[in-house]
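Q:
Residue numbers (my numbering), protein chains in the order written: chain S, 222 to 409; chain A, 222 to 409.
(1) By the three-class DSSP mapping on this structure, what secondary structure does residue 376 of chain A have?
(2) By the three-class DSSP mapping on this structure, what secondary structure does residue 248 of chain A have?
(3) Could one say the Cβ of residue 340 of chain A lies closer than 8 Å to chain S's Cβ atoms, at least one of them?
(4) Got a sec, what are the start and stop residues for the alpha helix (DSSP H) residue 259 of chain A sits in?
(5) Whose C-alpha, out of A/333, A/354, A/260, A/239, is nearest the C-alpha of residue 297 of chain A?
(6) If we count the other Cβ atoms within 10 Å of its Cβ and call it buried at 16 or more, is residue 378 of chain A buried or exposed?
(7) What are the complete alpha helix (DSSP H) segments, minimum 4 residues, inside the region 326-379 of chain A?
(8) Check whether the Cβ atoms of residue 265 of chain S and residue 254 of chain S lie closer than 8 Å to each other.
(9) Is the region 276-289 of chain S touching the region 337-346 of chain S in the sense that three or more CB pairs, one from each, lie closer than 8 Å?
(10) Can you list, in chain order, the residues of its chain whose CB lies under 8 Å from that of residue 398 of chain A, leaving out five sequence neighbours each side?
(11) Return yes when the Cβ of residue 363 of chain A is within less than 8 Å of the Cβ of residue 350 of chain A, no when it is not.
(12) Given a cut-off of 8 Å on the beta-carbon distance, is the pair residue 391 of chain S and residue 312 of chain S in contact?
(13) Rounded to a whole number of angstroms, what is the C-alpha to C-alpha distance between residue 384 of chain A and residue 361 of chain A?
(14) According to DSSP, simplified to helix, strand and coil, what is residue 388 of chain A?
(15) Can you tell me whether residue 236 of chain A is buried or exposed? The criterion is at least 16 other CB atoms within 10 Å of its CB, across all chains shown.
(16) When you compare only the Cα positions, how much space is there between residue 332 of chain S and residue 307 of chain A?
(17) State the DSSP-derived secondary structure class of residue 302 of chain S, mapped to helix, strand or coil.
(18) Relative to the C-alpha of residue 187 of chain A, which candidate in S/279, S/281, S/300, S/259 has its C-alpha closest?
(19) Applying a beta-carbon distance threshold of less than 7 Å, which residues of chain S neighbour residue 173 of chain A?
(20) Where do the N-terminal and C-terminal ends of the alpha helix (DSSP H) with residue 269 of chain S fall, by residue?
(21) With a threshold of 8 Å between beta carbons, is residue 223 of chain S in contact with chain A?
(22) Can you check whether the C-beta of residue 398 of chain S is within less than 8 Å of a C-beta belonging to chain A?
(23) Spell out whether any CB of chain A is found under 8 Å from the CB atom of residue 369 of chain S.
(24) CA-CA distance, residue 292 of chain S and residue 309 of chain S?
(25) Out of A/324, A/358, A/352, which has the shortest C-alpha to C-alpha gap to residue 365 of chain A?
(26) How would you write the range of the alpha helix (DSSP H) that residue 312 of chain A sits in, first residue to last?
(27) Kindly indicate if chain A contains any beta-carbon less than 8 Å away from that of residue 256 of chain S.
(28) Please list, in chain order, the residues of the region 288-309 of chain A that have any C-beta partner in chain S closer than 8 Å.
(29) Rounding to the nearest angstrom, what Cα-Cα distance links residue 223 of chain S and residue 304 of chain A in this structure?
(30) Closest Cβ-Cβ distance between residue 335 of chain S and chain A: below 8 Å?
(31) Does chain A have any CB closer than 8 Å to the CB of residue 388 of chain S?
(32) Exposed or buried, what is residue 243 of chain A when buried is set at 16 or more other beta-carbons lying within 10 Å of its beta-carbon?
(33) Out of curiosity, what's the CA-to-CA distance linking residue 280 of chain A and residue 256 of chain S?
(34) Can a CB atom of chain S be found closer than 8 Å to the CB of residue 403 of chain A?
Here you go:
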């Protein structure tokens, strides 16, 4: 399911992104987004709890995918490989949406309130990953460390994928960042 | 300078923490904090921009210490050792304030709006660290990765220091988490 999906939901997301880029996030109302999408304000609120959520509508799907992948990993797989594989598995989730992701990142980067929301989503993702590791028998602080490290890998790889300088393959971005992390933390 | 510092500023911080714990953060006003501290509301706002900032008054000092330590590190020092040393150097900054830190963490943990502010502070710290590494000639994404990893080490070590299960020495907590990170990312 791409961000350029048809139907009211897809139109609302695209309209919101356009308006946030044109007028700024603070200056845009849910009513205006609905109007541009050709639906009522009530329809807007049937899909999204507020105008920030339009940009984060897929974060719970993403979290479910990552947690499921961690739970499905072979029991003997090391935490860093488990979280790396789970992140690589997100490639189809983002596939084809790089242009959308780029616009979305620009809008979020321009607004502190959207940045806060994004940070909260990352923090929630890290907690869910840590819990998934604890259920696999990983203790603390290893579970928290693997989770925070996994989210860091995701964040840096996602930024690199959006820029698309080296590669536009999301899974390859994840593998590269994981390699760089290993180089960073390796002994002298 | 401990959090139990004398004077209006220290009294305001202690009063805020007490009231947030007793009534909840949302239910407490700046005026009530000022009243308990025995100062006027105007005095409160001379020290703090809002009631959230009372709990984050030292974050810019902390950031300055970390950035200065990175800038002062030998040019040949590896990024992971540089950021680890900078974090260890925070030990005197926290020394003696573990009880305060524990209460503060409980208050933040109970309020989403305070959690958002804390996440934003961590994100600002990571950006400042990444910039410090870029000034040392570290490229991207290595600079961002070292910065995010440094903040992760700080967060996990700080939690471990607050719990005080293994050790109450902050620098030792940093070294332990760095060792655990190395074990996490080492090849199979």
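We put the CB at the ideal spot given by N, CA and C, even for glycine. Quick caveat: nothing in here was measured; it's all calculated off a predicted structure.
A: Put simply:
(1) helix
(2) coil
(3) yes
(4) Unbroken run through residue 259 of chain A: none, as it is neither H nor E.
(5) A/354
(6) buried
(7) 333-356
(8) yes
(9) yes
(10) 374, 377, 378, 381
(11) no
(12) yes
(13) 35 Å
(14) coil
(15) buried
(16) 30 Å
(17) helix
(18) Here chain A comprises residues numbered 222 to 409, so residue 187 of chain A is not present and cannot be evaluated.
(19) It is not possible to answer for residue 173 of chain A, since the shown part of chain A is limited to 222 through 409.
(20) No alpha helix (DSSP H) holds residue 269 of chain S; DSSP gives it neither H nor E.
(21) Note that residue 223 of chain S has pLDDT 42, beneath the 50 cutoff, so the model's placement of it is unreliable and no number is given.
(22) yes
(23) yes
(24) 15 Å
(25) A/352
(26) 312-315
(27) no
(28) 299, 300, 301, 302
(29) At residue 223 of chain S, the pLDDT of 42 sits below 50, so the modelled position is not reliable; the number obtained from the coordinates is stated separately. The straight-line gap from Cα to Cα measures roughly 39 Å.
(30) no
(31) no
(32) exposed
(33) 43 Å
(34) yes
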